[in-house]
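In mature numbering (1 follows the signal peptide of the UniProt record, and there is no 0), the protein residues as written are -21 to -1, 1 to 250.
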């Protein structure tokens, strides 16, 4: 009788312990997969004062680089991010950032280059060749070669920076088709000829693109193209329309911090 009572007590104790243990097993955390989450920061012009909406003070650009360095961010080459989307490389590490510039303004050589060297950050410059060694505001071919020697990657921004939306409205279909081919192919060929580099990345002028233009870009040999859309490049983005943040001089302090964190409020910037 005593053994039977002892057995029943032990069975009850075991059942109670098992009942308590079961919820703990169910509460075990599930594995979390880290997705790519990279801001591409787009600059245009630099200088001591804000000459226009696309100019960022050189001192503000340096503040950006200081913030990134002091807060554990790593500026990676744009190519590394592209390779991830093309499944040629691993996902960039958390807190990775990309820096790019559009138009090859002369201040890239005078202001951006020294700071990129000082902070040891890679930069990709998107160029429309018709302006190089021609327009007063643009760099020369020799200056672009100097950028290359200092680690800058030079890529395409079409041949003369057209507004494809306006061109489509005013041109006949055949004329528009010819213009698009010139913008995409001539830019690529001229940059490769002058700089001896591989050109297969394209930034859309004014951020304008559509399915037709994306198809023509792929046919011309571009493996990735870039828009102007204010969000991080993430796992749901496509390599032929990767987003970039268009930065302005007001993006300082907390504003800049929120952009790189991915918590900035939506805004409309007139390009």
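Beta carbons: idealized from backbone N, C-alpha and C, even for Gly. Source: prediction; values computed, not measured.
Inclusion of residue 193 and residue 204 in the CB contact set at 8 Å is warranted, their separation being smaller than that value. Between residue 187 and residue 142, the CB-CB gap stays under 8 Å. Between residue 25 and residue 34, the CB-CB gap stays under 8 Å. Annotation: residue 185 is outside any alpha helix (DSSP H) and is labelled neither H nor E by DSSP. The beta-bridge partner set that DSSP reports for residue 134 consists of 105. DSSP places residue 204 inside the beta strand (DSSP E), whose first and last residues are 203 to 205.
Shown here, residue 80 sits in a strand according to DSSP, grouped into three states.
Burial check for residue 222: the Cβ neighbour count within 10 Å reaches 16 or more, so the residue is buried.
Per DSSP, the beta-bridge partners of residue 224 are 20. DSSP lists 53 as the bridge partner or partners of residue 75. Pairwise C-beta distances place the stretch 133 to 149 out of contact with the stretch 112 to 120, as fewer than three of them are shorter than 8 Å. Partner residues in the beta bridge of residue 36, as assigned by DSSP, are 26. Take the alpha-carbon of residue 163 and the one of residue 48: they are about 36 Å apart. Counting C-beta atoms within 10 angstroms of its own C-beta, residue 191 has fewer than 16 neighbours from the protein chains shown and is therefore classed as exposed. In this chain, the alpha helix (DSSP H) harbouring residue 147 covers 143 to 149. Restricting attention to 169, 90 and 211, the CA atom closest to the CA of residue 23 is found in 90.
Counting only the Cα atoms, residue 217 lies some 31 Å from residue 45.
Between residue 83 and residue 105, the alpha-carbon positions lie close to 7 Å from each other. Sixteen is the threshold: when 16 or more other Cβ atoms of the shown chains lie within 10 Å of the Cβ of residue 134, as they do, the residue is buried.
The three-state secondary structure of residue 181, taken from DSSP, is strand.
For residue 102 against residue 78, the beta-carbon gap comes to about 5 Å, under 8 Å, which counts as contact. In the DSSP assignment, residue 121 falls within the alpha helix (DSSP H) that extends over 120 to 128.
Nearest Cα to residue 209 within the set 50, 137 and 237: 237. Put simply, the stretch 195 to 203 touches the stretch 151 to 166. At least three CB pairs are less than 8 Å apart. The beta-carbon separation of residue 43 and residue 211, rounded to 16 Å, does not stay under the 8 Å limit for a contact.
According to DSSP, residue 153 shares a beta bridge with no other residue.
Closest in C-alpha terms to residue 126, from the list 138, 64, 38 and 100, comes 100. Where residue 169 is concerned, the enclosing alpha helix (DSSP H) starts and stops at 166 to 174.
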